[in-house]
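A short worksheet on the structure shown next.
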Amino acid sequence: MFKLRFLSYVGAACIAIASLSSCAITYPVSATSNPLGSKVGVSSGMGILGAIVLSPDSGIQQAAKNGGITKISTVDFKVTNILGIYQTYTCTITGE
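Quick note: to get our numbering, add 45 to the position in the sequence shown (first position is 1).
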């Protein structure tokens with residue numbers, strides 16, 4: 046009886062830890078010789094299980110279009126992962 050109760054507590058603790066774990070990474074993708082502009086463009090998308098992309102418009106071209114940018118200065122990309130099940134992708138660019 047004690048072992049069964051102990052195992053159920055350990056299982057509940059593992060589930061609680063896993064449900065609270067997530068990761069967000071932001072990294073620079075590129076920079077050009079263009080001067081740093083005042084405009085910022087952002088595009089984002091989401092995915093499931095790392096393979097199923099639900100909104101494919103999270104790229105550089107869409108971010109430039111959203112910000113009205115024609116000369117790109119910097120590109121940053123952010124990936125947020127929750128339990129390896131749900132991911133969000135955000136592309137942020139600056140320029141003129």
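We put the CB at the ideal spot given by N, CA and C, even for glycine.
task = In the DSSP assignment, find the alpha helix (DSSP H) that holds Ile105 and state where it starts and stops.
result = Along the sequence shown, one-based indexing puts residue 105 at 60. Its alpha helix (DSSP H) spans residues 105-112.
task = Tell me where the beta strand (DSSP E) around Pro101 begins and ends.
result = Counting from 1 along the sequence shown, the entry for residue 101 is found at position 56. From DSSP, Pro101 is part of no beta strand (DSSP E); its letter is neither H nor E.
inquiry  = Between which residues of its own chain and Ser66 is the CB-CB distance below 7 Å, once the five residues before and five after are set aside?
reply    = Numbered from its first residue, the sequence shown carries residue 66 at position 21. Within the same chain, Leu128 come within 7 Å of Ser66 by CB-CB distance, once the 5 residues on both sides are set aside.
query = To the nearest whole angstrom, what separates the beta carbons of Ser118 and Gly86, a pair I think is in contact under 8 Å?
reply = In the sequence shown, counting from the first residue as 1, residue 118 sits at position 73. In the sequence shown, counting from the first residue as 1, residue 86 sits at position 41. Contact annotation, Ser118 with Gly86: C-beta distance approximately 11 Å; criterion of less than 8 Å not satisfied.
request  = State the Cα-Cα distance for the pair Asn126 and Ile70, rounded to the nearest angstrom.
outcome  = Against the sequence shown, residue 126 aligns to sequence position 81. Against the sequence shown, residue 70 aligns to sequence position 25. Cα atoms of Asn126 and Ile70: separation of roughly 9 Å, rounded to the nearest angstrom.
message = Less than 7 Å between C-beta atoms, sequence neighbours within five positions excluded: which residues of the same chain meet that for Ser100?
response = As a first step, residue 100 must be located in the sequence shown, where it is residue number 55. Excluding the 5 residues flanking it on each side, Ser100 has same chain C-beta neighbours closer than 7 Å at Gly90, Met91, in chain order.
inquiry  = Rounding to the nearest angstrom, what Cα-Cα distance links Arg50 and Cys59 in this structure?
reply    = In the sequence shown, residue 50 corresponds to position 5, counting from 1. In the sequence shown, residue 59 corresponds to position 14, counting from 1. Inter-residue distance for Arg50 and Cys59 is about 14 Å (C-alpha atoms, whole angstroms).
key: Buried or exposed (CB count within 10 angstroms, at least 16 for buried), Thr115   = As a position in the sequence shown, residue 115 is number 70, starting the count at 1. Exposed, by the Cβ-count rule.
query = In angstroms, rounded to a whole number, what distance separates the CA positions of Asn111 and Ile62?
reply = Sequence index remark: in the sequence shown, residue 111 carries index 66 (1-based). Sequence index remark: in the sequence shown, residue 62 carries index 17 (1-based). Cα-Cα distance, rounded: 38 Å.
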